[in-house]
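Enquirer: Numbering (the numbering used here), first residue to last: 98 to 607.
No residue lacks a Cβ here, since even glycine has one placed at the ideal position from N, Cα and C.
Owing to the predicted nature of the structure, the values given are computational and were not obtained by experimental measurement.
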């Protein structure tokens, strides 16, 4: 006979200490048979007979949680009623539900001393007429699990303080580092209503063109399928970093994420000495993006131009380019740098868009090389929501929009721990510096090449908004770019008038 002893003998404890309904039916008797064998004891499985010391149980839970992570197992297991070493089933009288420590229920006492809070559950099953008890322990996620202030690990079948196993400690941290930031848990053990109420799921579904008239459970299931939530058990969820940073009603509700809120600062002049306005956007990136862009757009300077009939007010910047670059800032930042966040600074003559984390691609190849992204899941969601373009086209589209508006070329910088893009207000060609003009030539050549077009004197005049009378000026500029080895002539022997140009790196493709 193999069956649960009773429903009351199966329970789960969430990080907030709430007793939850029984887990979905799971064949724990089969699990006992699979793991309880002569060679079954391991770094994430421990056998005991009638072991009941609360402090030692707490140490085992912490050690098994950490060792499960190190061995890439979703759970660690502690069995009672199994002979240590042989794995033979002998039965147990241990009852975790009646056990206490200083008149406090054992489960509550254990949960209180475990940090960070993890999910673990006790189950009692009958196998071959014998009572077997097991603790199913969720693996450690982002940091080692500690019990009563000390973290533990398994070395073979021995439990030791983690500091006594430095090689395993380093390996464990490597495991945590390899877990993408987006998949890490920011809030765990919350019920369905609390989980979806912390996230603006209705705005998210609208962005995706999905119906919003859903029951809470259906909404949570949909968020789970997109990686925003992770299911613990019925009506119990973990909120992931991905869900919080994209959909949060307020990032300040999530410990460690509030520095990732976007700051927008407007200065009174060309320096940052005098701040005119400052605002921090605490909503998640996806659900708060339009509000963020509306605010930035309202702060950008404008000018009046006389149209054919009426006066028109036009921005001094390309709004599509600003949008692309702000979205790029969010998607490509280093989210692991939790002490700082993305920032947009608006000066009287330029806008600086800064994100934590250095560029993963050489700055002179941003147009043609498919970029590497640190946050693949976030980028995919932002694309589905229509906020950013396909991977690799954001920078390209921004430069294209800037060229179409005949604005100065953007400047890209990567410095220790951050990347900055500077876009400049509308400016006549004669007012541009030599450096800006040469940068414009190079970006124009890169853009034309990836679009399957050639760079010429005529295309460059059009880019700057110059007439045919400026052909000689543009020729001199092209010659300067040639000398600087930023571009090459496609056919060096061709006459200056008919010559086409390529970015310097294109020769390796031709």
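1. Of the residues 546, 503, 518, which one's Cα is nearest the Cα of residue 526?
2. Distance, Cα to Cα, residue 540 vs residue 366?
3. Count the other CB atoms within 10 Å of the CB of residue 505; is the residue buried (16 or more) or exposed (fewer)?
4. Which residues in the same chain have their Cβ closer than 6 Å to the Cβ of residue 386, if we skip the five residues on either side of it in sequence?
5. Please classify residue 270 as buried or exposed, where buried requires at least 16 neighbouring CB atoms within 10 angstroms.
6. Take the Cβ of residue 178 as the centre, count every other Cβ of all protein chains shown within 10 Å, and call the residue buried at 16 or more, exposed below.
7. Under 8 Å: do the segment 334–351 and the segment 259–279 share three or more Cβ pairs, one atom per stretch?
8. To the nearest angstrom, report how far apart residue 357 and residue 375 are at their CA atoms.
9. Does residue 246 pass the burial test, meaning 16 or more other C-beta atoms within 10 Å, or should it be called exposed?
10. Where does residue 501 fall in DSSP's three states?
11. DSSP puts residue 402 in a beta bridge; with which residues?
12. May I have the straight-line CA-CA distance separating residue 413 from residue 294, to the nearest angstrom?
13. Kindly list the residues whose CB is nearer than 6 Å to the CB of residue 542, restricted to its own chain and excluding five residues on each side of it in sequence; keep chain order.
14. Residue 478 and residue 499 - do their beta-carbons sit closer together than 8 Å?
15. For residue 147, which three-state DSSP category applies?
16. Give the straight-line distance between the Cα atoms of residue 125 and residue 220, rounded to the nearest whole angstrom.
17. Count the other CB atoms, across all protein chains shown, that sit within 10 Å of the CB of residue 408; report buried if there are 16 or more and exposed otherwise.
18. Cα separation between residue 268 and residue 313?
19. What residue range is occupied by the uninterrupted beta strand (DSSP E) comprising residue 598?
20. How should residue 548 be labelled, buried or exposed, when 16 other C-beta atoms within 10 angstroms of its C-beta is the threshold for buried?
21. What does the Cβ neighbour count give for residue 590, buried or exposed, with the cut at 16 atoms within 10 Å?
22. Using the Cα positions of residue 182 and residue 284, report the straight-line distance between them to the nearest angstrom.
23. Following the continuous beta strand (DSSP E) through residue 335, name the residue where it begins and the one where it ends.
24. Look up residue 459 in the DSSP assignment and say whether it is helix, strand or coil.
25. Over what stretch of residues does the beta strand (DSSP E) that includes residue 218 continue unbroken?
26. Beta-carbon separation of residue 155 and residue 244 under 8 Å?
27. In chain order, which continuous runs of the beta strand (DSSP E) of length 3 or greater are located wholly inside the segment 483–557?
28. Using only CA atoms, which one of 252, 130, 239 lies nearest to residue 225?
29. Pop quiz: residue 453 and residue 437 are said to be a contact at Cβ under 8 Å. What is the actual Cβ separation, rounded to whole angstroms?
30. Taking residue 304 and residue 482 to be in contact with their CB atoms under 8 Å, please state how far apart those CB atoms are, rounded to whole angstroms.
31. In or out: residue 569 buried (at least 16 other Cβ within 10 Å) or exposed?
32. Give me the residue from 290, 329, 238, 554 with the minimum Cα distance to residue 274.
33. What is the residue span of the beta strand (DSSP E) that residue 363 lies within?
34. Between residue 442 and residue 373, how many whole angstroms is the CB-CB distance? I'm expecting something under 8 Å.
35. In the DSSP output, what is residue 284 paired with across the bridge?
36. Give every residue of the same chain whose Cβ lies closer than 6 Å to the Cβ of residue 446, excluding the five residues on either side of it in the sequence, and list them in chain order.
Expert: In short, the structure shows the following:
1. Selection 546, 503, 518 evaluated against residue 526 yields 503 as nearest (Cα-Cα).
2. 28 Å
3. buried
4. 484
5. exposed
6. Flag for residue 178 reads buried.
7. yes
8. 16 Å
9. exposed
10. Note: residue 501 maps to helix in three-state DSSP.
11. 409
12. Answer to the nearest angstrom: the Cα atoms are 40 Å apart.
13. If we look at residue 542 and ignore the five residues flanking it on each side, its Cβ neighbours are 552, 584, 598, 600.
14. no
15. coil
16. 8 Å
17. exposed
18. 40 Å
19. 598–600
20. exposed
21. exposed
22. Linking residue 182 to residue 284 through their CA atoms gives a straight-line distance of about 38 Å.
23. From DSSP, the beta strand (DSSP E) with residue 335 extends over 333–337.
24. coil
25. 217–224 is the extent of the beta strand (DSSP E) around residue 218.
26. yes
27. 508–512, 515–521
28. Closest option to residue 225, Cα to Cα, is 130.
29. The C-beta distance from residue 453 to residue 437 rounds to 5 Å, short enough to fall under 8 Å.
30. 4 Å
31. exposed
32. 238
33. 359–364
34. Beta-carbon to beta-carbon, residue 442 and residue 373 are separated by about 11 Å, too far to satisfy the 8 Å threshold.
35. According to DSSP, which records beta bridges pairwise, residue 284 is partnered with 336.
36. 367, 522
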